[in-house]
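Student: Numbering (the working numbering), first residue to last: 63 to 251.
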């Protein structure tokens, strides 16, 4: 298992987010959804994130806990940023939605599960969230396997999209089962 930390980036460090959003290998999961906004590229899934958008985006996402949270996933040994995690209050329900993206060169190296665990610990313990969801295509087998491995439960599948749910109680039960304790949590701000 890779050792990771969650790192809340400074405004000037959003170049890494821009780099990930503009990388076709990283964003291929997002292709061909016709999202309907000008920054989105349907053929690659990439999303333009020009410098003039950074200030507004940063104000919306950073320092907005518990409504929203955003952090980079950082390799604790090399210091490299390898992806990002986020969560936000659902627009359609009494829960939070989350996301995780690994920069393509770092996929398959064991970063996802520990990063998810850290994000979940922050969500449930620091932000007081009761329930968190993630939805994605059932064909994303590695993502599904990772979410289930950290304790998410499948709530259903609609039109090929699986809904996964984790409650605070499920998280605590999994934490005890995995032998994790609060010393495993590392959030750098």
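Glycine is no exception: its CB is placed at the ideal position from the N, C-alpha and C atoms. All figures in this text were calculated on a predicted structure; none of them were measured in a lab.
1) What does a CB cutoff of less than 8 angstroms around residue 65 pick up in its chain, not counting 5 residues either side in sequence?
2) Any C-beta of chain D sitting closer than 8 angstroms to the C-beta of residue 134?
3) At which residues does the beta strand (DSSP E) containing residue 168 begin and terminate?
4) DSSP has residue 79 in a bridge; who is on the other side?
5) Under a three-way DSSP split, which group does residue 140 fall into?
6) Determine which residues share a DSSP beta bridge with residue 218 and list them.
7) From which residue to which residue does the beta strand (DSSP E) around residue 199 run?
8) Whole angstroms are fine: how far does the CA of residue 235 sit from the CA of residue 161?
9) Going by beta carbon distance, what residues of the same chain come within less than 7 angstroms of residue 102, once the five residues before and after it are set aside?
10) Could you spell out the range, first to last residue, of the alpha helix (DSSP H) harbouring residue 120?
Tutor: The short version:
1) 137, 138, 139, 176
2) Going by chain labels, chain D is absent from the structure shown, which holds only one protein chain.
3) Where residue 168 is concerned, there is no enclosing beta strand (DSSP E), given that its DSSP letter is neither H nor E.
4) None; residue 79 has no bridge partner.
5) coil
6) 225
7) 193 to 199
8) 22 angstroms
9) 109
10) 116 to 123
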